[in-house]
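**Q** Have a look at the structure that comes next, please.
Residue numbers (the UniProt record's numbering): 1 to 554.
Here it is, written out as structure tokens:
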């Protein structure tokens, strides 16, 4: 009997002031004992879900006379009727509170562990060391390039000295043209001719490949001391420029070459107008970066199409400069990537200022705001104050507008292909608008517009007034920017006269058309022959030969 009775345990429970005796075998599982306790408490068995033992232990709490918790298992300490255990069922809310308490304790332990081992400081130190190593690798790579350049220059100097010994003269009138001598990106070496040409508005850019344009953009940031003054990581600058390149689409006009064209014009204006003497370096950084980013991910269809077609961009930005807002969003999505964030060294307040400045300039490139922005600048230009933040912001908006539409400032052989590219993009849009039943702007309709008519109005009423207003602040741009615009206007007006004359004489005989050519291109005085009806071929021929005898220059 003693052996049989020792196989059982007797536990006394306090159930609402009533002593409940519970007998169970030493070989019972904690699960079975818990079931007995639930029965003693009068709890239905269904209310205690059949979970693991650990979950069972968290459902009931067993306390001794001192309030200490007792483990519910066959080895629990023996008690008496005078010292019964108190059973406390835990509700779901109490379990949640305990879990939350446990999580708080874990969080505090983690924080103490982090402070003890200085994990954050160690992480920062590792990041800084990696950045220093990257910069060191870049600088070492540049040293190798510089050494190679010096060797190349010495070799050329020796060859030149040898040629001077063999020849007593050099062709001093030989034009220096930019050399396309940039190796594969990211390693680069620009010739002095290219460096000098980059600073001029007449820079020719149609022969340059993408990697060469990227190298030129990188040079601009270094030359303006933006990398040095703001402690930019050169490798981050390269990654950012590559990412910019990848986010311009292959449109006829709004592509990466247009991005480079606008940025190079901004760089040349900064140099030509000595803007670093009147602007802060932060302003210069904003101007250059806004120029680089101003048309990111342009789809090739303008704001009017976006609004009329109710595209996703138009809906997202409520028909307010949808493309320009999109360009800003893409730009700062790129900056949000740590490997492409050239502003990582700026504190939050400084970054906020730069971000606002870039957004303001990109939004200013919406031509729907042209009149508003130019009128504001005209009111300020006569009493312009470089210490007035509002005046400076307005000037920066006008400068990026000038650069954005500056193609006609460049030589004819550079500017004219841009006009062809723009018309091609316009015609693609108008064809799509016709197919979708949307309104078509006359200046985009291939059946209504010609290159001269498109360019004359734009140059006369948009470009020249804006550049002449800027010329009041910076007279030095007249010869290299304003005068080329006037010459371009005159050239397109002559072409338009020829087009108009040719349209008038479509029914006239060939010899009279030749007279038109002589009149407009050789300035003869025989325009009256155009009155010929073309019905009398012999009289037309007489007029033609008479024309050739009068003031016709060969």
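For each residue, glycine too, the CB sits at the ideal point set by N, CA and C.
Can you check which of these residues, 447, 333, 273, is closest to residue 199 by C-alpha distance?
**A** 273
**Q** In angstroms, rounded to a whole number, what distance separates the CA positions of residue 102 and residue 308?
**A** 58 Å
**Q** Between 235, 65, 267, 232, which lies nearest to residue 197 when the distance is taken from Cα to Cα?
**A** 267
**Q** Three-state secondary structure (DSSP) at residue 232?
**A** coil
**Q** Assuming contact is defined by CB atoms lying nearer than 7 Å, are residue 26 and residue 74 in contact in what I supplied?
**A** yes
**Q** Using the three-state DSSP reduction, which class does residue 621 fall into: helix, strand or coil?
**A** The structure shown does not extend to residue 621, since the chain spans only 1 to 554, so no value can be given for it.
**Q** To the nearest angstrom, how far is the alpha carbon of residue 292 from that of residue 410?
**A** 19 Å
**Q** Enumerate in chain order the residues of its own chain whose CB-to-CB distance from residue 476 is below 8 Å, with the five nearest sequence positions on each side excluded.
**A** 272, 273
**Q** Determine the closest residue to residue 407 out of 321, 484, 497, with distance taken between C-alpha atoms.
**A** Nearest option by C-alpha distance: 484.
**Q** Given this structure, state the Cα-to-Cα distance separating residue 474 from residue 482, to the nearest angstrom.
**A** 11 Å
**Q** Would a check of beta-carbon distances place residue 424 closer than 7 Å to chain B?
**A** No chain B is present in this structure, which holds just one protein chain.
**Q** Which residues in the same chain have their Cβ closer than 6 Å to the Cβ of residue 297, if we skip the five residues on either side of it in sequence?
**A** 247, 330
**Q** Run through DSSP, which three-state label would residue 448 get?
**A** Note: residue 448 maps to coil in three-state DSSP.
**Q** Ignoring anything shorter than 4 residues, give me the alpha helix (DSSP H) runs that lie fully in the segment 426–496, in order along the chain.
**A** 451–458, 464–473
**Q** Does DSSP classify residue 422 as helix, strand or coil?
**A** helix
**Q** Comparing C-alpha positions only, which one of 314, 257, 365 sits nearest to residue 287?
**A** 365
**Q** Using CA atoms only, rank isn't needed, just tell me which of 133, 399, 345, 388 is closest to residue 363.
**A** Selection 133, 399, 345, 388 evaluated against residue 363 yields 399 as nearest (Cα-Cα).
**Q** Could you give the distance in angstroms between the alpha-carbon of residue 107 and the alpha-carbon of residue 68?
**A** 26 Å
**Q** Considering only residues of the segment 330–372, which uninterrupted alpha helix (DSSP H) runs meet the minimum length of 4 residues and lie entirely inside it, listed in chain order?
**A** 348–364
**Q** So which of 229, 223, 219 has the shortest CA-CA distance to residue 238?
**A** 219
**Q** Among 261, 227, 254, which residue has its Cα nearest to the Cα of residue 207?
**A** 261
**Q** With DSSP as the reference, identify every bridge partner of residue 14, one or two as the case may be.
**A** 19, 86
**Q** Where does residue 61 sit, in a helix, a strand or coil, going by DSSP?
**A** Residue state for residue 61 is assigned as strand, using DSSP reduced to three classes.
**Q** Starting from residue 389 and walking both ways along the alpha helix (DSSP H), at which residues does that stretch end?
**A** 389–404
**Q** Would residue 295 be called buried (16 or more neighbouring beta carbons within 10 Å of its own) or exposed?
**A** buried
**Q** Use the C-beta contact count for residue 72: other C-beta atoms within 10 angstroms, 16 or more gives buried, fewer gives exposed.
**A** buried
**Q** Between the C-alpha atoms of residue 404 and residue 498, what's the straight-line distance to the nearest angstrom?
**A** Approximately 30 Å, taken between the alpha carbons.
**Q** Beta-carbon separation of residue 358 and residue 290 under 7 Å?
**A** yes
**Q** To the nearest angstrom, how far is it from the Cα of residue 63 to the Cα of residue 35?
**A** 17 Å
**Q** Classify residue 7 as helix, strand or coil using the three-state DSSP reduction.
**A** coil
**Q** With a 10 Å radius around its C-beta and 16 neighbouring C-beta atoms as the bar for buried, classify residue 8 as buried or exposed.
**A** exposed
**Q** For residue 24, which of helix, strand or coil comes out of DSSP?
**A** strand
**Q** Start and end of the alpha helix (DSSP H) containing residue 221?
**A** Looking at the DSSP string, the run of the alpha helix (DSSP H) that includes residue 221 is 210–223.
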